[in-house]
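Below is one structure, written out as structure tokens, with a few remarks after it.
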Amino acid sequence: MAIFFIFIFLPFLSAILVPFLYKYLNRLVHTGWFVLLAPLFILIYLLQYIPSIAAGETYQYTLSWIPTLGINIVTYVDGLSLLFGLLISGVGVLVIIYSIFYMSKTREALHQFYVYLLLFMGAMLGLVFSDHLLVLYGFWELTSVSSFLLIAYWYERKSSRQGALKAMLITVIGGFGMLAGFIMLIMMADTYSIREIIAQVDVIQNHALFIPAMLCILLGAFTKSAQFPFGIWLPDAMEAPTPVSAYLHSATMVKAGIYLVARTTPIFGGSSVWFWLVAGVGVITLLYGSLSALRQTDLKALLAYSTISQLGLIMSLLGVGSLAVYFGPGEKGSLFTVATFAALFHLFNHSTFKGSLFMVVGIIDHETGKRDIRYLSGLMQVLPVTFTIAMVGAFSMAGLPPFNGFLSKEMFFAAMTELTHVSAFGLDRLGLIFPVIAWIASVFTFVYCMIFVFKTFGGKFHPEKLTRKVHEASFGMLFAPIVLCLFVVLTFFFPNVLGKYILIPALTSVLPMMPISSTDLKISAWHGINTELLMTIGVVVLGFLLFRTAKRWIRLFRNYPQTLTLNHLFNKALPSMEKRAASLTNRYMTGSLRHYLSYIFSFFVMLLLGSLLLNYGLKFDFSNDASITLFDAGLVLVMLIAALTVLLTNHRVVAIVALGAVGYMVSMFFVIFRAPDLALTQMVVETVTTVLFLLCFYHLPKLKKDIERIPFKLSNLIISISVGLTVTLLALSANGHKLFEPITAFFERAYELAGAKNIVNAILVDFRGFDTMLEISVLTIAGLGVYVLIHQRSKRRKQDETE
Numbered sequence: 001m002a003i004f005f006i007f008i009f010l011p012f013l014s015a016i017l018v019p020f021l022y023k024y025l026n027r028l029v030h031t032g033w034f035v036l037l038a039p040l041f042i043l044i045y046l047l048q049y050i051p052s053i054a055a056g057e058t059y060q061y062t063l064s065w066i067p068t069l070g071i072n073i074v075t076y077v078d079g080l081s082l083l084f085g086l087l088i089s090g091v092g093v094l095v096i097i098y099s100i101f102y103m104s105k106t107r108e109a110l111h112q113f114y115v116y117l118l119l120f121m122g123a124m125l126g127l128v129f130s131d132h133l134l135v136l137y138g139f140w141e142l143t144s145v146s147s148f149l150l151i152a153y154w155y156e157r158k159s160s161r162q163g164a165l166k167a168m169l170i171t172v173i174g175g176f177g178m179l180a181g182f183i184m185l186i187m188m189a190d191t192y193s194i195r196e197i198i199a200q201v202d203v204i205q206n207h208a209l210f211i212p213a214m215l216c217i218l219l220g221a222f223t224k225s226a227q228f229p230f231g232i233w234l235p236d237a238m239e240a241p242t243p244v245s246a247y248l249h250s251a252t253m254v255k256a257g258i259y260l261v262a263r264t265t266p267i268f269g270g271s272s273v274w275f276w277l278v279a280g281v282g283v284i285t286l287l288y289g290s291l292s293a294l295r296q297t298d299l300k301a302l303l304a305y306s307t308i309s310q311l312g313l314i315m316s317l318l319g320v321g322s323l324a325v326y327f328g329p330g331e332k333g334s335l336f337t338v339a340t341f342a343a344l345f346h347l348f349n350h351s352t353f354k355g356s357l358f359m360v361v362g363i364i365d366h367e368t369g370k371r372d373i374r375y376l377s378g379l380m381q382v383l384p385v386t387f388t389i390a391m392v393g394a395f396s397m398a399g400l401p402p403f404n405g406f407l408s409k410e411m412f413f414a415a416m417t418e419l420t421h422v423s424a425f426g427l428d429r430l431g432l433i434f435p436v437i438a439w440i441a442s443v444f445t446f447v448y449c450m451i452f453v454f455k456t457f458g459g460k461f462h463p464e465k466l467t468r469k470v471h472e473a474s475f476g477m478l479f480a481p482i483v484l485c486l487f488v489v490l491t492f493f494f495p496n497v498l499g500k501y502i503l504i505p506a507l508t509s510v511l512p513m514m515p516i517s518s519t520d521l522k523i524s525a526w527h528g529i530n531t532e533l534l535m536t537i538g539v540v541v542l543g544f545l546l547f548r549t550a551k552r553w554i555r556l557f558r559n560y561p562q563t564l565t566l567n568h569l570f571n572k573a574l575p576s577m578e579k580r581a582a583s584l585t586n587r588y589m590t591g592s593l594r595h596y597l598s599y600i601f602s603f604f605v606m607l608l609l610g611s612l613l614l615n616y617g618l619k620f621d622f623s624n625d626a627s628i629t630l631f632d633a634g635l636v637l638v639m640l641i642a643a644l645t646v647l648l649t650n651h652r653v654v655a656i657v658a659l660g661a662v663g664y665m666v667s668m669f670f671v672i673f674r675a676p677d678l679a680l681t682q683m684v685v686e687t688v689t690t691v692l693f694l695l696c697f698y699h700l701p702k703l704k705k706d707i708e709r710i711p712f713k714l715s716n717l718i719i720s721i722s723v724g725l726t727v728t729l730l731a732l733s734a735n736g737h738k739l740f741e742p743i744t745a746f747f748e749r750a751y752e753l754a755g756a757k758n759i760v761n762a763i764l765v766d767f768r769g770f771d772t773m774l775e776i777s778v779l780t781i782a783g784l785g786v787y788v789l790i791h792q793r794s795k796r797r798k799q800d801e802t803e
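Sequence positions in the sequence shown follow the UniProt record's numbering and run 1 to 803.
Printed below as a string of structure tokens:
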């Protein structure tokens, strides 16, 4: 168990060491070589789980964290988490190797880059292996924070800061929604464990919070995985360095939303709402991303929208695959089990070809200084290896053989056409929409893949348009995309090795209720002349014609008004919201203490008094109260007179004396209630404060006659009476609603429990000692802050004197 947690948290431990390695060793060797060890060791460690996981084993490890609250770091290793763990660590190894040759060790702050990258890697590993919902949420938000730092790595650029802010806002808002959904799940199942919630799925499906929890969780998944209409953050995230783009948008961050949907499919999968949202949003995202990619002239932007499109494809397959939960074991359920299998297969394929394509763009940018298609052509002549890598990756994304994307794209078409034979969820009327949209989007996917390859590498080479002398990249920069391309090709020829040891165990985790056998899920490149093959042929034929005639029609996409795009609407709405928020804030942040107190007390009255009235909490019980003596009434009368005197007097000294009288009367009550220590403390405090008030007021200017009388304000009177009435009613109601046994008996055992003869001291020091320690810590920090300010001021004075 300990070894597992060491490897999972190895990126965080490495991140602590990176600044020291950079400081002392970066001049000798690139810091990335040390950073490489963390994902490499993790990958090697996770590989040993493959045989046992493929045999049906699962592993649970628990690290005690906050056991009193039931919060422990519980990790669960099954097929799904292992698939993502291998992608995170495996692609992480290749990305770091690529970054060693891409990022300059002299011009870049590499210690910051690798710290952010390791934080992100650790957050993703923690996310996919967590079985505890709240721990998963913690890692989920850590991915948002670390991705913000990575996207804003070149923070001197305004576009980098804006892209990071947009990604942070959208994903964190979705994360808050997801947290609400997790809390609802915890309330329904009375457990934090995802596996235990899945075991209670028959119970929670009939709960009133089932649909709200589903919607909140999907909000988090859709925002993180850039589904429509939340995907506007992903193109702006391309401002990050290319290694970051290759990592975040091929194998990690955007796949977190996919992971969440796959992990919660056993819980929500049988619902029609889940199917229409996941599958529907998925195909819309697929079409939106493919159309938007055609409008791009920047290669990274094109790949960004292609990522959105491919994520929509995977999401739609998960939605269609959820029908297996609805139909259950049987022939019909088995047909849609293949859809989930295809989603996991394409998730792996996308990580391989998209990672290589991002690295190709990085090589082009690194060697030519350009990423704009309008300035690039004929690069095949000077970058032949890069061209080969680009062709393999792009053709796989287009769904052409002999590359792995062809296999999963065929399975995608098969799953979509199968929906036309289903009568559930209204698919007998609307099922045809899915294969039609899928086919149209695939045509445009083919077109932008051809544009990426042949507009960049084909044609005549024009070196005069470029800012650098172009030559092939170094082997170190080519190594990582070549490895990914090998996976693209080898997976096509040996897909069932991947299926047996990686994909089928992951499928078992997503659909645990389905009987799954490796013999039933054989991946093959040839299934005869069938519908999906004809759809692929149609994609190639029509896509080729559209590519050849692109000059005639692509301007329609590229001249599409920017004012009508979602990105423009967001960019316009955000400053408008900021202005309105600032205007609203300026209305109540007036600088007047009276206004602030009015807001606080008004809210206090509305919340507490409103709750008492709405919940019928006004219940009084005076049967156990002590009798009120004449002496008690006299003390109260004196307190009232003193308090009124403070309000009505025009002399400061009289007001101070009257205020002190109120405090001394309170100390008299402490004497009556047999609390001499409190009475003594109150008298000391009142004496000291009265003296201090007198000293301060002695040095203040005299009141002018025209402002001596404070004007009467009815609002002040209403608020003060309301607050007094609320506190009185609340105290009386609390005394009449004793729902629990009082804790006074426990505190009376102060001497026995804490060895303290003074109950008050025991409460402060022992019973709530942690709270007192934090209060002391706050005072210490405030004192240090004051000391630093004074020290800096005196230091500045000395510098001014010397100058």
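Where a beta carbon is used, it is the ideal one built from N, C-alpha and C, also for glycine.
Starting from the Cα of residue i, find the closest Cα among the options and give me that residue.
i	options	result
S509	S592, T585 and A262	A262
L219	R195, T536, G459 and I173	I173
T531	L303, Y599 and M416	M416
S28	K105, Q48 and L36	Note that residue 28 is Leu in the sequence shown, not Ser. Among K105, Q48 and L36, the Cα nearest to that of L28 belongs to K105.
F475	N571, T386, V128 and I151	T386
V483	S583, G92 and L25	G92
I373	F412, F452, A15 and V646	F452
F176	R295, T536, T223 and S583	T223
C449	T307, L503, S351 and A324	T307
L234	Q296, K166, S272 and A762	K166
Between which two residues does the beta strand (DSSP E) holding residue i run?
i	result
L694	Looking at the DSSP string, L694 is not in any beta strand (DSSP E); the run it does join, the alpha helix (DSSP H), is P676 to Y698.
W65	Y59 to I66
Near residue i, which residues of its chain fall below 6 Å by C-beta distance, leaving aside the five closest residues on each side in sequence?
i	result
L400	F406
V447	G543, L546 and F547
M683	S667
A279	S316, G319 and V320
I50	Y501
Y247	V95
A19	It should be noted that the sequence gives Pro, not Ala, for residue 19. Only H111 meet the Cβ criterion.
T649	A655
E418	L335
Does the separation of the CB atoms of residue i and residue j fall below 8 Å?
i	j	result
F604	V723	yes
I363	A251	no
M103	P241	yes
L379	F461	yes
S322	T264	no
Does DSSP classify residue i as helix, strand or coil?
i	result
N72	strand
H207	coil
D625	coil
V29	coil
S130	strand
I707	Legend: pLDDT at I707 = 48, less than 50; position of this residue unreliable, no value from coordinates given.
V422	coil
D298	strand
S722	helix
V77	strand
Which residues in the same chain as residue i place their Cβ atom closer than 7 Å to its Cβ, once the five residues preceding and following it in sequence are excluded?
i	result
R793	none
K579	none
Could you tell me whether the Cβ of residue i comes closer than 8 Å to any Cβ of chain B?
i	result
V273	The chain labelled as chain B is not found in the depicted structure, where only one protein chain is given.
Leaving out five residues before and five after residue i in sequence, what residues of the same chain have Cβ atoms less than 8 Å from its Cβ?
i	result
I707	Because the pLDDT at I707 is just 48, under 50, the model does not fix this residue reliably, and the value given afterwards should be weighed accordingly. There are no such residues.
Grab the span of the alpha helix (DSSP H) containing residue i for me, first residue to last.
i	result
N404	N404 to E418
Q381	Run containing Q381: none; DSSP gives neither H nor E here.
residue 804	The shown model of the chain, from 1 to 803, leaves out residue 804, and the question about it has no answer.
L574	L566 to Y588
V654	R652 to I672
L46	L37 to L47
residue 853	Outside the shown range of the chain (1 to 803) lies residue 853, about which nothing can therefore be said.
W553	A550 to R558
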